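Numbers 0 to 346, taken from numbering that gives the first Met the number 0, label the letters of the sequence shown in order.
Glycine included, C-beta positions come from ideal geometry on N, C-alpha and C.
These numbers were taken from a predicted model, which means no experiment stands behind them.
Here is the structure we will look at, set down as structure tokens.
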Amino acid sequence: MSATTYSSGTISVGAGSTSVTGVGTTWASAGVRAGDLLIAGTAVVPITAVNSATSITLSRGWTGAALAGANYDILMVDDAVRSLTSANALLAQLTGGTLVSLAAMASSADQMPYFTGVGVMGATALTPAARALLDDASAAAMRTTLEVPRSPAASVYGACAGSANAITVTAGLPAIAVGTEIRFRAAAANTGAATLNVDGTGPKSCRTPTGIALPVGYILTTTDTVARYDGTYWVLGREIERGSNANGEYVRFADGTQICTYSAVGAAGPIMTAEGAIWRSTEYSWTFPASFAATGNLAVNGSLRTGAAAWNKVRVTGISSASVMLFAANSNVNNFTVDFSAIGRWY
Numbered sequence: 000m001s002a003t004t005y006s007s008g009t010i011s012v013g014a015g016s017t018s019v020t021g022v023g024t025t026w027a028s029a030g031v032r033a034g035d036l037l038i039a040g041t042a043v044v045p046i047t048a049v050n051s052a053t054s055i056t057l058s059r060g061w062t063g064a065a066l067a068g069a070n071y072d073i074l075m076v077d078d079a080v081r082s083l084t085s086a087n088a089l090l091a092q093l094t095g096g097t098l099v100s101l102a103a104m105a106s107s108a109d110q111m112p113y114f115t116g117v118g119v120m121g122a123t124a125l126t127p128a129a130r131a132l133l134d135d136a137s138a139a140a141m142r143t144t145l146e147v148p149r150s151p152a153a154s155v156y157g158a159c160a161g162s163a164n165a166i167t168v169t170a171g172l173p174a175i176a177v178g179t180e181i182r183f184r185a186a187a188a189n190t191g192a193a194t195l196n197v198d199g200t201g202p203k204s205c206r207t208p209t210g211i212a213l214p215v216g217y218i219l220t221t222t223d224t225v226a227r228y229d230g231t232y233w234v235l236g237r238e239i240e241r242g243s244n245a246n247g248e249y250v251r252f253a254d255g256t257q258i259c260t261y262s263a264v265g266a267a268g269p270i271m272t273a274e275g276a277i278w279r280s281t282e283y284s285w286t287f288p289a290s291f292a293a294t295g296n297l298a299v300n301g302s303l304r305t306g307a308a309a310w311n312k313v314r315v316t317g318i319s320s321a322s323v324m325l326f327a328a329n330s331n332v333n334n335f336t337v338d339f340s341a342i343g344r345w346y
């Protein structure tokens, strides 16, 4: 076959690009094939692929200036030249480094080639155990192969339903085992002892970290509750609860500890009542911002915020209140600020 040319339409190609687009071209049906030569100006570059009527790929980057809507010629070479061009392209691929590096490696059982650099390969061991892991289709299958099941302590979030004291949670767990941990957001605070039924495994009693039945309001609706199964009970953790009102601030912990604080600004005094050789005030009563469970082991302190020669006495008056009395060597018509703190148990 003698060489012919094709020049219908125009081409666009960027400098150094291998992608050529045509307008008004019919390269695919005109018989343009890999190995033909694209000629425009003084640049001549072999074609490596004809993608469509308007798209061809060059075997290397365009050596001329960028073209847009330019005239061109495609030299359609005869089969002998085409075959030689294809053979040279294949040879360039085979000797480009990757296959040469692979061919130079000595093969042996349980070895896997890998790249150590550009065009450079090495080998590493691929044991039967490694192959058994690599052919697993999922993470679950890999855990089975490794004999490392999912930790039962992994926290799983579940959808909460049921009632305040008979909670149900759907978490999609295959089974409930010792150490299974779930998280849920309750819709209502409990009003007493509660049970938890996870994934239909049956209701089981809930306990606090101290091992007792849940007190009223232990389950919060504002934060998630974490429950861990100990084989008999669901032990419920609790986020730190902080609140405030006109009587001060309080903090409640999962182990039952409660701390209350309040600054009675200018509220105590004056010190105007004679008491033998000293003077005293009337008692000022502080109502706790949150009640305690009992007066036993309930410690209350009051710090008198003044530079005057005065002191105070604080006493617990109930699970919901305490009082302070001020003293001085001389009478004092002023009122004073007392900073209160109380620590005890809320359940």
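Quiz prompt | Minimum C-alpha distance to Q110 - residue among A128, S280 and L195 | solution = Walking along the sequence shown from the start, residue 110 turns up at place 111. Of the candidates A128, S280 and L195, the one whose C-alpha sits nearest the C-alpha of Q110 is A128.
Quiz item: According to the neighbour-count rule (16 or more other Cβ atoms, all chains shown, within 10 Å of its Cβ), is N329 buried or exposed?
Solution: Here residue 329 refers to the residue found at position 330 of the sequence shown. Per the 10 Å Cβ criterion, exposed.
Quiz item: Does the distance from the CB of V264 to the CB of G301 come in under 8 Å?
Solution: Against the sequence shown, residue 264 aligns to sequence position 265. Against the sequence shown, residue 301 aligns to sequence position 302. Cβ distance not < 8 Å, so V264 and G301 don't count as in contact.
Quiz item: Hey, quick one: how far does the beta strand (DSSP E) through T169 stretch, first residue to last?
Solution: Start at 1 with the first residue of the sequence shown, and residue 169 comes out as number 170. Here the beta strand (DSSP E) through T169 covers A165 to T169.
Quiz item: Among A160, T209, D198 and E180, which residue has its Cα nearest to the Cα of A187?
Solution: Translated into the one-based positions of the sequence shown, residue 187 becomes position 188. Comparing Cα positions, the closest option is A160.
Quiz prompt | Distance between beta carbons of I270 and A309, contact taken as under 8 Å | solution = Looking up residue 309 in the sequence shown gives position 310. Looking up residue 270 in the sequence shown gives position 271. A309 to I270, Cβ: 6 Å. Contact.
Practice problem: Just mark A152 as buried or exposed, buried being the case when its beta carbon has 16 or more other beta carbons within 10 Å. | Solution: Against the sequence shown, residue 152 aligns to sequence position 153. In this prediction, A152 scores a pLDDT of 49, lower than 50, which makes its location untrustworthy; no coordinate-derived value is stated.
Quiz item: Using a Cβ-Cβ cut-off of 6 Å (strictly less than) and excluding sequence neighbours within five positions of T316, which residues of its own chain qualify?
Solution: Within the sequence shown, residue 316 is the residue found at index 317, counting from 1. Counting only Cβ-Cβ distances below 6 Å, and skipping sequence neighbours, we find S322.
Exercise. Out of F339, I218 and I181, point me to the one whose CA is closest to A158's CA.
Key: Within the sequence shown, numbered from 1, the residue matching residue 158 stands at position 159. Out of F339, I218 and I181, I181 has the C-alpha closest to the C-alpha of A158.
Self-check item: Classification of N244 by the beta-carbon crowding that lies within 10 angstroms, buried from 16 upward
Solution: Position 245 of the sequence shown, counting from 1, holds the residue named residue 244. Exposed: under 16 other Cβ atoms inside 10 Å.
Practice problem: Along the beta strand (DSSP E) that carries A131, what are the first and last residues, could you check? | Solution: Position 132 of the sequence shown, counted from the first residue, corresponds to residue 131. Where A131 is concerned, there is no enclosing beta strand (DSSP E), although the alpha helix (DSSP H) it sits in stretches over P127 to L133.
Self-check item: Presumed contact (8 Å Cβ cut-off) between N331 and A307, rounded CB distance
Solution: If you number the sequence shown from 1, residue 331 lands on position 332. If you number the sequence shown from 1, residue 307 lands on position 308. Their Cβ separation, rounded to whole angstroms, is 6 Å, which keeps N331 and A307 in contact under 8 Å.
Quiz prompt | Cβ pair V31, V49 closer than 8 Å | solution = Along the sequence shown, one-based indexing puts residue 31 at 32. Along the sequence shown, one-based indexing puts residue 49 at 50. The answer is yes: Cβ separation under 8 Å.
Exercise. Kindly indicate which three-state DSSP category S54 falls into: helix, strand or coil?
Key: Position 55 of the sequence shown holds residue 54. Reduced to three states, the DSSP call for S54 is strand.
Practice problem: Check whether the Cβ atoms of L36 and V19 sit closer than 8 Å, and answer yes or no. | Solution: Position 37 of the sequence shown, counted from the first residue, corresponds to residue 36. Position 20 of the sequence shown, counted from the first residue, corresponds to residue 19. No; because the gap between Cβ atoms is not below 8 Å, this pair is not in contact.
Quiz item: Is the Cβ-Cβ distance between A165 and T224 less than 8 Å?
Solution: Along the sequence shown, one-based indexing puts residue 165 at 166. Along the sequence shown, one-based indexing puts residue 224 at 225. No, they are not a contact pair.
Exercise. Tell me whether A152 sits in a helix, a strand or coil according to DSSP, three-state version.
Key: Translated into the one-based positions of the sequence shown, residue 152 becomes position 153. The predicted position of A152 is uncertain, since its pLDDT is 49 and thus under 50; no value can be drawn from it.
Quiz item: What's the gap between the Cα of T256 and the Cα of S290?
Solution: Numbered from its first residue, the sequence shown carries residue 256 at position 257. Numbered from its first residue, the sequence shown carries residue 290 at position 291. Approximately 12 Å, taken between the alpha carbons.
Quiz prompt | Same chain only: Cβ atoms within 8 Å of L213, ignoring 5 sequence neighbours per side | solution = Against the sequence shown, residue 213 aligns to sequence position 214. Once the five neighbours on either side are set aside, the close Cβ partners of L213 are N189, G191, A192, A193, C205, R206, T207 and L235.
Quiz item: Within 7 Å: the Cβ of D109 and any heavy atom of the ligand COA?
Solution: The ligand COA is absent from the structure shown, which contains no ligand whatsoever.
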